[in-house]
Every structure is written in structure tokens, then in C-alpha cells.
């Protein structure tokens with residue numbers, strides 16, 4: 001008997017939301033208990049009452065009525081002239097202790113084991129956090145180094161929202177984060193669902209899809225096969241909104257976002273099937289192209305489906321990138337199996353520049369790729385998530401990168417960007433892109449917009465304008 005293919009519908013799972021709501025108040029309660037504990041300690045200290053042996057020693061040393069003897073004076077002098085390290089050496093040690101070789105996963109939140117690979121589970125502590133308890137100077141400088149020198153990965157929207165508990169003094173200096181978005185699937189029937197082997201070249205056969213079983217509810221409640229994919233992307237992006245700050249008094253300007261200086265973002269989409277997912281709704285467009293639109297200089301995405309659903313979502317997410325910003329696309333970096341998360345190989349990025357045709361506006365209008373001035377307002381429908389959006393320059397473009405090599409092509413027809421040499425590499429090389437379609441160019445080809453073979457993946461891509469894409473079907 002042939003297996004019937006069942007497609008999921010997009011939703012947020014009630015049980016997951018209930019668990020998040022249950023866990024979140026506990027963090028606030030703990031914070032209140034810590035504050036109360038500090039107030040009680042202050043009262044005890046002011047009244048000369050010790051709450052621990054260490055506190056008793058501290059009170060004895062600072063007691064002005066304590067009788068000083070020759071031995072105690074000598075001991076004090078001995079402490080004063082004890083060997084010490086220069087400040088430069090202490091700072092180097094502190095930087096070494098506070099900087100992790102690997103990204104820190106879900107800081108300020110409990111780590112979910114199923115969102116980690118086996119290698120990540122074995123790493124343990126990567127920083128010597130106890131250095132911060134040495135003294136106030138170490139705590140102040142070490143905390144700054146901790147948040148400025150490390151890379152961070154968030155695996156749940158709640159972990160990203162919890163990051164708002166960190167002081168704005170540290171959050172506003174973070175320039176890059178990684179969001180690991182693991183698709184979740186739910187069913188109320190015992191059915192087998194597969195992730196196709198063409199999800200990644202490493203897979204030799206179809207893989208069983210990880211399913212969260214849920215009890216069957218009444219017929220009035222829409223059940224069946226469900227997924228939490230594009231809504232999860234939306235929830236991650238919504239977590240980047242401005243957190244509430246009771247101390248913010250500026251009535252003329254909006255509160256700064258969670259990470260106001262964020263300039264580059266990596267999205268690792270995990271188990272986003274090429275054949276099962278529904279189309280993303282209007283909410284993704286609203287968040288990516290309006291609330292957070294044109295805020296990033298670079299967006300890296302792995303695991304985006306290659307079907308029409310993925311093309312639409314990719315176009316919506318490109319709204320996050322500034323004009324002349326860089327959009328990098330690559331194969332999936334992970335697969336979520338029933339036994340856990342598994343890393344997948346990957347080398348090259350497929351790179352393109354978003355809305356790169358700033359200096360070719362007149363030429364595009366002559367070719368019928370731009371708007372004239374006689375359209376009604378009703379016809380100005382939203383196209384700014386696509387590369388063909390005509391209002392270039394409404395917001396500041398991504399900063400130009402200096403020091404690139406000379407080009408044999410006309411300068412106004414190309415734009416230079418530094419692109420990573422591999423998916424997991426920090427090394428970058430200069431690559432020139434066509435301003436007309438945004439894709440990489442070579443010296444001997446791509447003299448017109450008709451040449452649309454991407455040198456990164458070898459596939460044919462549509463031009464930079466949605467109107468060019470429409471004209472192909474006329």
C-alpha cells in the first residue's frame with residue numbers, strides 16, 4: 001500500500017508556548033530573590049553581623065575598634081608588599097580566560113540538549129568565569145571582554161528574549177550573532193514522515209523526520225500534521241525588537257532594539273524540507289521588510305529550501321539587508337535526527353548583492369525595469385523585499401568596502417565585496433558583482449543581464465528586477 005503524502009500546516013505549538021510561559025516567571029522570581037538577598041546582606045554588614053566565615057574575616061579586618069598588634073601590622077605590611085603582576089599581564093590573562101574558542105550557545109539561558117551536536121555537548125565550559133569573582137576591577141573589565149570578544153548562538157526565541165536581561169552597555173556593542181532555527185514538526189497520529197535525501201549531498205537516503213507527538217483534541221481544534229518553521233523565524237526576529245526599559249525617558253525617539261549595532265546575522269535553518277513546508281505568511285514580510293528592514297550589512301542563510309516556498313522566504317528575508325548589502329546562501333549546516341543534531345559538510349557560499357543597481361537607475365528605467373512617475377498610489381504595492389524594489393536610497397546603504405583590486409569592467413557596473421572563502425571560514429577574498437543583477441561576475445562573461453548563470457552554484461537565477469522576471473513569461 002502506497003504511503004500517503006501529508007503536508008503540514010504552519011502553527012505555533014500550544015504546549016511549547018505553555019512551557020516557555022511557565023519557565024519565564026521563574027527567572028524573574030530568581031532575580032527578585034537575589035536582590036532581596038543583597039539587601040539583607042547589606043543590613044547585616046551595617047550592623048556588624050557576619051553571615052559566613054569569609055564575611056567574619058572581612059568585618060574583623062575593617063573593624064576600627066580592633067586592637068592592632070605588632071604581628072598584625074607586620075602581616076598587613078607583608079600583604080602590601082607581596083608580589084603582583086603588571087596590569088598589562090593581568091589584562092592578557094583575563095582576555096585569554098574570557099574568550100572562548102567556540103561560540104557560546106544560549107547565553108543567560110539553560111541549554112537545550114536536543115539543539116546541540118554531540119561535539120558541542122562534550123565541550124563543557126569554554127571560559128574561566130570564576131575570574132569575574134576575583135575583585136570588582138576584574139569583574140568590570142572581564143564582563144566587558146566576555147560580551148565583546150565572543151560569538152553567540154541562540155537556538156530558541158526565548159533564549160534570545162532572555163538576552164535582554166544583559167545591560168544595554170554590553171548589548172549595544174555586539175555586531176554579529178548566529179540564530180540556529182530548528183524546524184519542529186507535530187502530529188497527533190502515528191505516521192511516518194521523511195526528510196528527503198536531496199536535503200543535503202551528505203545524505204544517501206531519506207531520513208526519518210523528527211516528530212513531536214501531541215494528544216488528539218476535539219474536532220473543533222485543528223490538528224493533524226503541523227510544523228513550526230516560518231513562524232519560528234518570525235519569533236526569532238521579533239525577539240530582536242526593543243525590550244522594555246523602565247529607565248528609558250526619551251519620549252521623542254523609540255527605544256533601541258535588542259542589538260542596535262547588529263550589522264551581520266547568520267541564520268542556520270535546520271530540517272526546513274524542500275517539499276513539505278507551506279508558504280510563509282504576510283507576518284514575515286512585515287517583520288523583515290518593515291520593522292527590521294534595511295538594518296544589516298550582511299545576511300548569511302544556510303538550509304533555505306530550493307523550491308518556490310524557499311524563494312519567497314529568501315526574498316522576504318533579503319529585506320533585512322541594506323541597499324548594496326551582501327546576501328550569502330549555502331546548503332544546510334545541520335540535520336535534526338531523532339537521536340540528536342548532526343553537522344553536515346559544506347564549502348562555498350552563493351553570494352549576491354541586494355539592490356546593487358544604485359548607479360544604474362537611469363539605464364534600468366530605459367530598459368523598462370523601473371517605475372515611471374505616472375502610476376497611482378494604489379499601484380505602488382510592496383516590492384521592497386525583492387531585489388527589484390525601486391526606492392533605492394530611502395535608507396542609508398551598506399558602507400562601501402575600500403582597498404579592492406582594479407576591474408577591467410566599467411566601474412559603475414560592478415560593486416566589490418569581500419566574501420568568505422568557505423562556509424565556516426573567517427578568511428575573505430575580493431569578488432566583484434554585477435550591479436544590474438547582483439550576482440558575481442567574471443571578466444569574460446556577464447556583459448548583460450541575460451547572463452544569469454550563478455558562478456557559485458552553477459544554476460540559473462532570475463534577474464535583479466521582479467519586472468525582468470515577469471517579462472520572461474510574456
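Residue numbers (the UniProt record's numbering): 1 to 474.
All residues carry an ideal CB built from backbone N, CA and C; glycine is no exception.
Which two residues bound the contiguous alpha helix (DSSP H) that contains residue 172? Element bounds for residue 172: n/a, residue is neither H nor E.
Continuous alpha helix (DSSP H) stretch holding residue 311: start and end: Per DSSP, residue 311 belongs to the alpha helix (DSSP H) from 308-317.
Could you check the C-alpha separation between residue 230 and residue 189 for me, to the nearest Å? Residue 230 and residue 189: Cα-Cα distance of roughly 23 Å.
Cα-Cα separation between residue 396 and residue 216, rounded to whole angstroms: Distance between the alpha carbons of residue 396 and residue 216 is about 51 Å.
How far does the alpha helix (DSSP H) with residue 121 in it extend, from its first residue to its last? First-last of the alpha helix (DSSP H) with residue 121: 118-123.
Tell me where the alpha helix (DSSP H) around residue 282 begins and ends. The continuous alpha helix (DSSP H) containing residue 282 extends over residues 282-286.
Neighbourhood of residue 202 by C-beta, 7 Å cutoff - its chain only, sequence neighbours within 5 removed: If the five residues before and after residue 202 are omitted, its C-beta is found closer than 7 Å to the C-beta atoms of 344, 345, all from its own chain and listed in chain order.
Exposure of residue 297, with buried meaning 16 or more beta-carbon neighbours within 10 Å: Taking every protein chain shown into account, the CB of residue 297 has 16 or more other CB atoms within 10 angstroms, so this residue is buried.
Can you check whether the CB of residue 233 is closer than 9 Å to the CB of residue 280? Closer than 9 Å, so yes.
Please confirm if the stretch 110-124 is in contact with the stretch 165-176, defined as three or more CB-CB distances below 8 Å between the two stretches. No, because fewer than three Cβ pairs between the stretch 110-124 and the stretch 165-176 fall closer than 8 Å, the two stretches do not touch.
Report the partner residues of residue 420 according to the DSSP bridge assignment. DSSP output for residue 420 lists 428 as bridge partner(s).
So is residue 244 buried or exposed if we call it buried at 16+ other beta carbons inside 10 Å? Residue 244 is exposed by the Cβ-count criterion.
When you compare the stretch 141-150 with the stretch 98-111, are there three or more beta-carbon pairs, one atom per stretch, that lie closer than 8 Å? Verdict: yes, contact present.
Assuming residue 265 and residue 288 make a contact with CB atoms under 8 Å, what is their CB distance in whole Å? Residue 265 to residue 288, Cβ: 11 Å. No contact.
Could you tell me which residues DSSP puts in a beta bridge with residue 403? Under DSSP, residue 403 forms no beta bridge with any residue.
Kindly confirm or deny that the stretch 195-212 and the stretch 325-340 touch, where touching means at least three C-beta pairs closer than 8 Å. Contact annotation: the stretch 195-212 touches the stretch 325-340, with at least three C-beta pairs closer than 8 Å.
Taking only three categories from DSSP, how would you classify residue 438? Annotated three-state conformation of residue 438 is coil, per DSSP.
Residue nearest to residue 6 in terms of C-alpha spacing, selected from 130, 181, 195, 38: Looking at the Cα atoms, 195 is the closest of the given residues.
Measuring CA to CA, which of 177, 330, 165, 30 is closest to residue 103? Minimum Cα-Cα distance from residue 103 among the listed residues 177, 330, 165, 30 corresponds to 177.
Is residue 416 buried or exposed, if buried means 16 or more other CB atoms sit within 10 Å of its CB? Flag for residue 416 reads buried.
Less than 6 Å between C-beta atoms, sequence neighbours within five positions excluded: which residues of the same chain meet that for residue 310? Excluding positions up to five away in sequence, the list reads 304.
Completely contained beta strand (DSSP E) runs for the stretch 188-274, where each covers 3 or more residues: If only complete runs of 3 or more residues are kept, the stretch 188-274 shows the beta strand (DSSP E) at 211-213, 226-228, 264-270, in order along the chain.
Within a Cβ cutoff of 8 Å, which residues of the same chain sit near residue 123, ignoring the five residues on either side of it in sequence? Excluding sequence positions up to five before and after residue 123, its CB lies within less than 8 Å of the CB of 102, all in the same chain and listed in chain order.
Euclidean distance between Cα positions of residue 426 and residue 12: Residue 426 and residue 12: Cα-Cα distance of roughly 35 Å.
Taking 6 Å as the limit between beta carbons, can you name the residues of its chain near residue 429, skipping five residues before and five after? 421, listed in sequence order.
Measure the alpha-carbon distance for residue 139 versus residue 31 and round it to whole angstroms. Answer to the nearest angstrom: the Cα atoms are 19 Å apart.
Between which two residues does the beta strand (DSSP E) holding residue 177 run? Run containing residue 177: 176-182, per the beta strand (DSSP E) assignment.
Which ranges would you report for the beta strand (DSSP E) in the stretch 141-167 if only whole runs of at least 3 residues count? DSSP runs (the beta strand (DSSP E)) wholly in the stretch 141-167: 152-154.
Since residue 301 is in the beta strand (DSSP E), which residue starts that stretch and which ends it? Residues 296-302.
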